[in-house]
Amino acid sequence: MNFKLSAIAVAVAAATLSATAGAAAVDFHGYARSGVGASTKGGSLVCYWLGDLGHFRLGNECDTYLELAFDANLAEKGETKFNLHTMVASGTQQLQDWEQSVPSWRQLWTEATNVGSGPLATANLWVGKRYYKRQDIHMTDFFYNAVTGPGAGIENADFGFAKGSYAYFRYQPDYGPQSDAAGFRPNFVNGGVKATGVHDLRLEGIQLGGFGSLDAFLQVVTDSSRENAKAKGGEAFTVQHTIGAVGGFNRAVIQYAKDGANLDGGAKWWADDTLKYTGFRLLDHFVFDVDQFNGSVTVGYQQDKDFPWYKGATKTQYNLGARVWYHFNDLYSIGGELGHAQVKDVDYNGGNAPEQKLDKITLAGQISAGKSFWARPALRAYYTYAKWNDAAHPACTGRDCGTSVDIGTNVTNGSTYGFQMEAWW
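Encoded structure:
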């Protein structure tokens, strides 16, 4: 089915229902990006990514991506409201006019707000599939805490010193079919023998007087596999400190994970019962806004030990980058972005692989709906130059940089130019 026509049909249906007597009003919002560009060496538009800490995205996104969300207040009983939240998403390689893309239902959940008294006066009960309190660094499009999927929970109970939340999520492996003697079908259709649960506990908004606030997240991964399938639970822990600074904020993050848990709080698909994995991550994210200038600076460090395919070995990576805009007025601005990424990995035999390095710079002009760093929509023209060492040679294009591009033998630099739009509403 043509996704564009499907989305229009959904929007028309929603508008029609909202106009019907007694129907719930529908709130429409979402996110979109798309563009066009080329490589100065010819061929496809090239993007430059390295490592697991995101990518410096200004002038460096080779896809078309869309999220459409429709929310509605379905009923009210006293102080309690019943709200429905839905989201469909789709992405394409951005290679040509007609690109078939199967939409994905990313969110479909219902909440009941203000479900009690005392601490529960501000609490919400919810059930369904959702993005759950995701934490990200926008400049690198990196979601460092991303517990998402089917679940249920209670959130935002007011304990005075902090807001508390608990949620339970259920996952199964998403790489390859999982079947058993009873003939279960592949995992995307009807489940399999391996499954994990994630118990998510959070304390948010712990005030530190004039020293900002703290958030603490704990995810406990539990195994419930059948037929003696090998799997293992684990734990992930995140603490982040946020303080207002220079018209914006600074957020410092420390994360730790072990065994079957990911650093982002989710569950590993390959967590067999012999796994002794540990992960450690440090992040800092700074956004500033002073007079005609605004921008962002980020730095990240991550270390992973004892992956199942190279037990006893360590993978280390870090990145550092900054983006700055100068605004002439409420519409027009010019800016640039610098980024460096470095990865020290091991090969599949447990030996040391060559260290990979990538540097990237982008210059851009844009027209946007305001002077804020977060002002959107934004329409941009850009030029990007990147250089890398031989170990980091492969380039990419398409959705999530998912298509490799041959940019020539012994080539260790490249440049691209193009135009991009980005919007959220």
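Take the sequence shown: its letters are residues -23 to -1, 1 to 402, numbered as in mature numbering (1 follows the signal peptide of the UniProt record, and there is no 0).
In this text, a Cβ means the ideal position worked out from N, Cα and C, and glycines have one as well.
- Of the candidates V92, A100, G93 and T125, T125 places its Cα closest to the Cα of R107.
- The beta carbon of D307 sits closer than 8 angstroms to the beta carbons of G347 and K348 from its chain, once the five residues preceding and following it are set aside; these are given in chain order.
- Counting only runs of 3 or more residues that sit fully inside the segment 321 to 363, the beta strand (DSSP E) segments are 333 to 345, in chain order.
- G375 is positioned such that its CB atom lies closer than 8 angstroms to that of L72.
- W103 sits buried, since 16 or more C-beta atoms from the chains shown fall within 10 Å of its C-beta.
- Within the same chain, and ignoring the five residues on either side of A318 in sequence, the residues whose Cβ sits closer than 6 angstroms to its Cβ are L27, G28, N296 and L335.
- Within the model, the alpha-carbon separation for G7 versus E44 is close to 5 angstroms.
- Judged by DSSP secondary structure, T17 falls outside any beta strand (DSSP E); it is assigned neither H nor E.
- L97 carries a helical assignment under DSSP once its states are collapsed to helix, strand and coil.
- The beta carbons of G391 and V23 sit about 6 angstroms from each other, so the pair counts as a contact at 8 angstroms.
- K209 and G182 have their C-alpha atoms spaced approximately 32 angstroms apart.
- In the structure shown, H115 falls within a helical segment according to DSSP collapsed to helix, strand and coil.
- Straight-line spacing of the CA atoms in A(-1) and Q333 works out to 56 angstroms.
- Excluding the 5 residues flanking it on each side, R258 has same chain C-beta neighbours closer than 6 angstroms at Q232, L240 and Q279, in chain order.
- D266 sits in a strand when the DSSP states are folded into three classes.
- Distance from the CA atom of R10 to the CA atom of D261, rounded to whole angstroms, is 26 angstroms.
- DSSP lists A134 and L180 as the bridge partner or partners of G141.
- When the alpha-carbon of R353 is set against those of F59, I344, T361 and Y394, the nearest one is in I344.
- Assigned with DSSP and collapsed to three states, D283 falls in strand.
- In the DSSP annotation of this structure, the continuous segment of the beta strand (DSSP E) that includes D192 starts and ends at S190 to D200.
- If the five residues before and after W86 are omitted, its C-beta is found closer than 7 angstroms to the C-beta atoms of H62, W103, V104, G105, K106 and R107, all from its own chain and listed in chain order.
- Nearest neighbour of D48 by Cα position, chosen from D281, I114, D135 and N60, turns out to be N60.
- CA-to-CA, the gap between F119 and M398 works out to about 19 angstroms.
- L240: not part of any beta strand (DSSP E); DSSP gives it neither H nor E.
- T255 and G221 have their alpha carbons spaced roughly 32 angstroms apart.
- Taking every protein chain shown into account, the CB of T17 has fewer than 16 other CB atoms within 10 angstroms, so this residue is exposed.
- The Cβ-Cβ distance between Q84 and M64 falls below 8 angstroms.
- Around the beta-carbon of W365, 16 or more other beta-carbon atoms lie within 10 Å, marking it buried.
- If the five residues before and after T41 are omitted, its C-beta is found closer than 6 angstroms to the C-beta atoms of S11, T69 and Q71, all from its own chain and listed in chain order.
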